[in-house]
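This report refers to the structure that appears directly beneath it.
In this note's numbering, the protein residues as written are 1 to 170.
Below, the structure written as structure tokens:
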């Protein structure tokens, strides 16, 4: 399985992609630079990591998404944001003035599998508007606030691109 995160490491933000392979081997890409790591748990919060031929011991403190990583007599604050969750959160953000039209956008390429609210439907914050299948997973796009669906630009079975407006809420 491959997961992408945005990681804030101290004052720096990096994009991290991790693909797990059998036997504790990981393919890690940091801002486009690929590396192979071998990681083994040493306990509940400690790991032994072999990276570039060197062995490192990492101790983790805190709970996701906010961690402190202790290694080589250093402590580094790390905040991980799953890229998929970030895109889902951004998909429902208002694009117009407060109280004005809000575009509901596809967070990644996919296919509309269900339209849950037609134009003219009054919806509450958190209510499902559309279901989009992306990367073999169904993702429900929800209303970011109370309002009325004024337009639905997508139909069931339609392929959509990332960032494409699927519906508008007022």
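We put the beta carbon where it would ideally sit given N, CA and C, even for glycine.
Whether residue i touches residue j by CB criterion (8 Å)
i           : j           : result
residue 55  : residue 39  : no
residue 125 : residue 145 : yes
residue 109 : residue 161 : yes
residue 30  : residue 47  : no
residue 61  : residue 45  : yes
residue 113 : residue 133 : yes
residue 28  : residue 78  : no
residue 106 : residue 53  : no
residue 17  : residue 4   : yes
residue 65  : residue 80  : yes
Counterpart residues of residue i in DSSP-defined beta bridges
i           : result
residue 79  : 8 and 66
residue 137 : 134
residue 33  : 30
residue 51  : 37 and 54
residue 46  : 59
residue 169 : 102 and 149
residue 113 : DSSP output for residue 113 lists no bridge partner at all.
residue 25  : 38
residue 19  : 2 and 27
Beta-carbon proximity list for residue i, same chain, < 6 Å, skipping 5 on both sides
i           : result
residue 25  : 38
residue 19  : 2 and 27
residue 158 : 112
residue 148 : 122 and 170
Cut-off 7 Å between Cβ atoms - residues of its own chain near residue i, not counting five sequence neighbours on either side
i           : result
residue 140 : 128 and 131
residue 138 : 113 and 131
residue 41  : 47
residue 74  : none
residue 151 : 119, 167 and 168
residue 11  : none
residue 174 : Residue 174 is absent from the structure shown; the chain starts at 1 and stops at 170.
Status (buried if at least 16 other CB within 10 Å, exposed otherwise) for residue i
i          : result
residue 36 : exposed
residue 76 : exposed
residue 23 : exposed
residue 72 : exposed
residue 33 : exposed
Contact test: residue i Cβ vs the ligand NAP heavy atom, cutoff 7 Å
i          : result
residue 37 : The ligand NAP is not part of the structure shown, which contains no ligands of any sort.
**Report entry** Segment contact flag, the segment 109-119 with the segment 154-170, C-beta cutoff 8 Å, min 3 pairs
**Finding:** yes
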